[in-house]
Amino acid sequence: MEAIEAKATLRFGRISARKTRLVADLIRGKGVEDAKKILRFTDKRSATVMLKLLNSAVANAEVKNVEDPEILNVAKVWVDAGPVHKRQRHRARGRVNVIRRPTSHITIVVKEDIEAKEREAARLQALEAKRAKKKAAKKKAAGGKKKAETKATETKKADKADDKDVKAKAKPAAKKKDTAEKAKKVKKSTDEGDKK
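Numbering follows the UniProt record's numbering, with no gaps: position 16 of the sequence shown is 16.
So this is what it looks like as structure tokens:
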């Protein structure tokens with residue numbers, strides 16, 4: 001599969017080629033998203049012009065059916081000098097100074113980075129494998145904890161059952177004692193009543 005390439009050109013931009021090349025050097029070889037961020041935060045007049053041109057190049061790539069615009073790279077950027085518009089500034093004693101208004105032709109070529117696509121697929125696959133491994137380890141640890149918890153609850157239940165059995169056995173004995181004491185009291189009271 002061949003990489004798709006798209007191009008956008010600005011002709012006769014009213015900015016110096018030399019000043020524009022400074023910004024062009026910043027984005028050459030970068031990914032499209034990185035290049036957009038760089039241009040947004042670059043404090044140069046040519047940065048806004050180049051950002052619009054870059055967006056145009058990305059749109060052209062989308063028209064050419066690029067699957068994922070995020071994997072586009074700024075393959076080439078070049079700035080050529082255009083014609084110079086000459087203006088006049090009138091000076092003292094009838095003289096005239098020339099004002100030069102330079103223009104430039106800016107071209108941006110974006111290209112689909114197939115290697116980046118493969119790297120991204122490999123990265124996602126590795127990430128998925130890592131998540132699955134982590135999930136399996138977590139499940140295994142949770143299974144061990146559950147076994148330990150069930151054993152602990154079983155021992156607690158057994159202890160409670162033993163306590164209940166002990167209490168249940170103690171209650172009839174206590175009842176027998178109580179009834180025996182009551183019987184003695186009743187017997188004493190009846191004996192005392194008989195003596196009178």
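Beta carbons are placed, not taken as given, at the ideal position from N, Cα and C, and that holds for glycine.
- Setting aside the 5 residues that flank it on each side, histidine 85 is surrounded in the same chain by Arg101, each with a C-beta closer than 6 Å to its C-beta; the list follows chain order.
- The residues Ala17, Thr20, Arg21, Ala24, Ser104, Ile106, in chain order, have a CB closer than 6 Å to that of valine 79 in the same chain once the five nearest residues on each side in sequence are set aside.
- 8 Å or more divides the Cβ of asparagine 73 from the Cβ of lysine 44.
- Under the three-pair Cβ rule at 8 Å, the stretch 51-62 counts as touching the stretch 26-36.
- For alanine 59 and glycine 31, the gap between their C-alpha atoms comes out near 15 Å.
- Looking at the DSSP output, glycine 31 bridges to Asn73.
- In the displayed model, lysine 64 falls within coil according to three-state DSSP, outside both helix and strand.
- Leucine 10 sits buried, since 16 or more C-beta atoms from the chains shown fall within 10 Å of its C-beta.
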